[in-house]
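Here is the structure we will look at, set down as structure tokens.
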Amino acid sequence: MPVPPPVEVPRQKGTSLFHLLDRYTKVDSIFQDGLPVKYLPYVLYIMGITLFYIGNTHYAEKTIRKIDRTKSETEDLRADYTTLKSDYMEASKQSEVARKVAPAGIIESSSPPYQIEVDGEEY
Numbered sequence: 001m002p003v004p005p006p007v008e009v010p011r012q013k014g015t016s017l018f019h020l021l022d023r024y025t026k027v028d029s030i031f032q033d034g035l036p037v038k039y040l041p042y043v044l045y046i047m048g049i050t051l052f053y054i055g056n057t058h059y060a061e062k063t064i065r066k067i068d069r070t071k072s073e074t075e076d077l078r079a080d081y082t083t084l085k086s087d088y089m090e091a092s093k094q095s096e097v098a099r100k101v102a103p104a105g106i107i108e109s110s111s112p113p114y115q116i117e118v119d120g121e122e123y
């Protein structure tokens, strides 16, 4: 059984984006004789700027992620600091210190402190 030849379907023109670009920009006339070497420095310059832009964008996004991570760590450390400071202030109260040293037999003095005076020649 012979195979029928493939039937070519006519393409619709004017519906694709590339067809519209080709119709209005007329780029075909530039590339008729091959790649024009005179445009090569400009193309390389634009490519360099584009690569720099992409790299800069990635670097900026990475830096923003680092800043956000550092902010969250700072908030956690600040909360820890506040908690520890509160615990320290509570533990350093006179009544709390007296309660903690009472099992060791150390009691709080009921008499006020006094100053011992020594002559300058004795010392």
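Under UniProt numbering, the first residue of the sequence shown carries the number 1, and numbering increases by one thereafter. Glycine included, every Cβ here is placed at the ideal spot set by N, Cα and C.
Hey, residue i and residue j: beta-carbon distance below 7 Å or not?
i, j, result
"residue 90", "residue 98", "no"
Among residues of its own chain, excluding the 5 on either side of residue i, which ones have a beta-carbon nearer than 7 Å to its beta-carbon?
i, result
"residue 68", "none"
What are the boundary residues of the alpha helix (DSSP H) that includes residue i?
i, result
"residue 94", "94-101"
"residue 90", "40-91"
Short of 8 Å in beta carbon distance, which residues of its chain neighbour residue i, apart from the five on each side in sequence? Order them along the chain.
i, result
"residue 110", "none"
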